[in-house]
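> One structure is given below, represented as structure tokens, and several questions about it will come after.
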Amino acid sequence: IWLIGARGSVATTTMAGCAALVAGLHPPTGMATETPALAGAGLPPLDSLVFGGHDTTDCPLPKRAEQLTTAGVLPYGLARAVTRELETADREIRSGGPAPGDTRTTEELVTAFTHDLTDFRRRCGLNRVVVVNVASTEPASGGVGLPPSTLYAAAALRAGCPYVNFTPSTGLRHPALAAPLAAGGLPHAGRDGKTGQTLLRAVLAPMFHQRALTVRAWSGSNLLGGGDGAALADPAAAAAKNAGKERVLTDTLGPGVEGQVHIDDVPALGEWKTAWDHIAFDGFLGTRMILQTLWQGCDSALAAPLVLDLARLTARAH
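Plus 5 on top of the position in the sequence shown (first one is 1) and you've got the working numbering.
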């Protein structure tokens with residue numbers, strides 16, 4: 006599994022969590038691929054997974070895991086118990102980009118990222134490499150050149166690697182990749198993993214539709230700490246994130262539902278997030294009603310089992 010944003014909270018939790026499951030230190034809570042329904046699906050075993058990735062920071066994974074322990078994301082003692090596995094993965098992380106001052110062309114960047122992927126597969130003797138983007142949300146593309154998420158996606162296509170986009174970033178959906186994506190025939194998945202507010206919207210919107218209840222307005226607020234909060238403090242990045250939240254409602258309920266989502270950076274929340282939604286709907290004979298939801302969760306702990314699930318399912322599809 007090649008993680009874009011490999012030193013971030015989600016990636017570190019994913020790698021530390023996988024090591025903990027293999028060692029029998031914790032049960033696979035939150036992993037659909039470890040349920041009885043998928044026991045005979047031929048998925049790659051957890052102990053067969055090898056990790057690497059790209060990142061633009063240089064904080065070692067064991068240190069990042071200790072930081073997540075202090076933040077309350079990882080259980081006390083886990084980081085120390087899986088230090089060897091984290092050190093092994095850390096040696097497989099390569100410099101991403103483009104970093105500030107990077108003068109490489111688009112072609113040079115894609116070529117370098119492609120080499121990192123093929124070299125990882127060759128040196129580790131792997132059957133396949135699944136690329137998963139868990140980096141911070143980038144602003145919607147619109148300028149000259151390819152956004153970073155699309156550079157990584159292009160490299161995955163060239164290297165013959167299945168690709169999963171766990172973020173709202175452009176990734177494979179850039180028009181420049183339409184032809185190679187169609188020609189490659191590689192499994193690919195996603196545009197924004199649903200771990201909190203969007204997850205609830207994806208569950209509740211079909212309920213209203215199936216019960217023939219008219220949703221008049223759906224408004225929400227999202228309070229985020231950690232790296233996500235800082236990244237989404239950028240209005241352009243927040244707009245890209247909100248577009249995904251709105252798309253969930255539009256795809257299910259159609260256009261015309263009033264309301265917006267506001268995202269606020271609250272550093273004091275650390276790795277946690279709080280999402281509030283206010284849903285106004287009409288029932289029988291036009292009776293007006295309201296549903297409110299409050300979600301408080303740890304994003305990394307919610308995302309990590311999904312990352313492992315998606316990587317294993319995509320590997321099986323390949």
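Built from N, CA and C at the ideal position, the CB exists for glycine as well.
Since this is a predicted model, take the numbers as computed values, not measurements.
Helix or strand or just coil, what does DSSP make of Met294?
It is a strand residue.
> So who's on the other strand from Ile6, going by DSSP bridges?
Ile6 pairs with nothing; no bridge assigned.
> Go through the segment 144–187 residue by residue and report every complete run of the alpha helix (DSSP H) that reaches 4 residues or more, in order.
Entirely contained in the segment 144–187, the alpha helix (DSSP H) runs reaching 4 residues are, in chain order, 153–164.
> DSSP three-state call for Ser14: helix, strand or coil?
It is helical.
> If I measure Cβ to Cβ from Ser226 and keep anything under 6 Å in the same chain, skipping five residues before and after, which residues do I get?
Within the same chain, Ser226 has close Cβ partners His267, Trp281.
> How would you call Ser2, buried or exposed, if buried means at least 16 neighbouring beta carbons within 10 angstroms?
With the chain covering 6 to 323 only, the question about residue 2 has no answer from this structure.
> Grouping DSSP H, G and I as helix and E and B as strand, with all else coil, what is Thr62?
Three-state result, Thr62: coil.
> Using DSSP bridges, identify the partner residues of Glu263.
According to DSSP, which records beta bridges pairwise, Glu263 is partnered with Ala222.
> What separation, rounded to the nearest whole angstrom, lies between the Cα atoms of Val137 and Pro80?
Taking the straight line from one Cα to the other gives about 25 Å.
> Are the beta-carbon atoms of Thr74 and Ala84 separated by less than 7 Å?
Cβ distance < 7 Å, so Thr74 and Ala84 count as in contact.
> Looking at the strands, I want to know which residues DSSP matches up with Phe56.
None, per the DSSP bridge assignment.
> From this set, Leu48, Thr61, Asp107, Val149, which residue's C-alpha is nearest Arg317's C-alpha?
Minimum Cα distance to Arg317 is reached at Leu48.
> Flag this pair as yes or no: are the beta carbons of Lys278 and Leu311 separated by less than 7 Å?
Contact: no.
> Starting from Thr371, trace the beta strand (DSSP E) both ways and give me its first and last residue.
Nothing about residue 371 can be read from this structure; the chain reaches only from 6 to 323.
> At which residues does the alpha helix (DSSP H) containing Asp124 begin and terminate?
111–128 is the span of the alpha helix (DSSP H), which, as asked, contains Asp124.
> Under DSSP, the beta strand (DSSP E) around Ser100 begins and ends at which residues?
Taken as a continuous stretch (DSSP letters only), the beta strand (DSSP E) holding Ser100 covers 98–100.
> Any idea what DSSP makes of Gly22, helix, strand or coil?
Here Gly22 sits in helix by DSSP.
> Taking Cβ positions, are Pro192 and Ala322 nearer each other than 7 Å?
For Pro192 and Ala322, yes; Cβs fall inside 7 Å.
> Taking the C-alpha atoms as reference points, what is the distance between Ala308 and Ala24?
Each residue's alpha carbon lies about 16 Å from the other.
> Going by Cα to Cα distance, which pick from Phe286, Arg293, Ser100, Leu91 is closest to Val55?
Checked all of Phe286, Arg293, Ser100, Leu91; the closest Cα to Val55 is Leu91.
> For Ala160, collect the residues of the same chain with a Cβ closer than 7 Å to its Cβ; drop the 5 residues on either side in sequence, then sort them by chain order.
So the qualifying residues of the chain are Val115, Phe118, Thr119, Leu122.
> Taking the Cβ atom as the reference point for each residue, do Gly201 and Asn170 lie within a distance shorter than 7 Å?
In this structure, Asn170 does not lie closer than 7 Å to Gly201 by Cβ.
> From the DSSP secondary-structure annotation, give me the bridge partner or partners of Gly302.
Beta-bridge pairing links Gly302 to Lys278.
> On the three-pair Cβ rule with 8 Å, is the segment 235–252 touching the segment 285–304?
Touching, no, given that fewer than three Cβ pairs across the two stretches are closer than 8 Å.
> Please identify the residue among Arg221, Asp269, Gly261, Leu258 whose C-alpha is closest to the C-alpha of Ala244.
Minimum Cα distance to Ala244 is reached at Asp269.
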